[in-house]
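Student: Just so you know, we're using the UniProt record's numbering here: the sequence shown kicks off at 1 and counts up by one.
Where a beta carbon is used, it is the ideal one built from N, C-alpha and C, also for glycine.
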Amino acid sequence: MDMRIYSFRSQVDFKQDLDTQGSSILVTTRSEKVAKIVQTLPICNLGKLSDDQCWLILKNRAFLDDSAPLTKDQERIGRDIAKKCAGLPLLAKEKIV
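1. Cys87 and Lys48: beta carbons closer than 8 Å?
2. Whole angstroms are fine: how far does the CA of Asp52 sit from the CA of residue 148?
3. In whole angstroms, what is the alpha-carbon distance linking Gly22 and Gln39?
4. Could you check where the alpha helix (DSSP H) with Arg61 kicks off and where it finishes?
5. Taking only three categories from DSSP, how would you classify Asp2?
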């Protein structure tokens, strides 16, 4: 059994948190097992981002000043990093910290 799932099961009691009228919890996960454990219905599977979309996230995080043009090397390196993000937006966002 995956320890992350075991830990998740043993530490979280959603029913207690949802006793208040109008309360809700949004669970985001890449694991379908986790989604089924918390009984989210319906499960919404999002697709991965394209390399270009990952590049835009990286570029916006790395180069906050849009006034200066990027060099060819900066763009090439950035796009190479974007490919390594494998379409995962959080990974693209966290590559530049």
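Tutor: In short, the structure shows the following:
1. Position 87 of the sequence shown, counted from the start, is the residue given in the question as residue 87. Position 48 of the sequence shown, counted from the start, is the residue given in the question as residue 48. Correcting the residue identity first, residue 87 is Gly in this sequence and not Cys. Yes.
2. What is shown of the chain runs 1 to 97, which leaves residue 148 out entirely.
3. Within the sequence shown, residue 22 is the residue found at index 22, counting from 1. Within the sequence shown, residue 39 is the residue found at index 39, counting from 1. Roughly 18 Å between the two C-alpha positions.
4. For this step, residue 61 is matched to residue 61 along the sequence shown. Element bounds for Arg61: Asp51 to Ala62.
5. By one-based count along the sequence shown, residue 2 stands at place 2. Residue confidence for Asp2 is low, a pLDDT of 48 falling below 50, so the modelled location carries little weight; the figure read from the coordinates is stated next. Here Asp2 sits in coil by DSSP.
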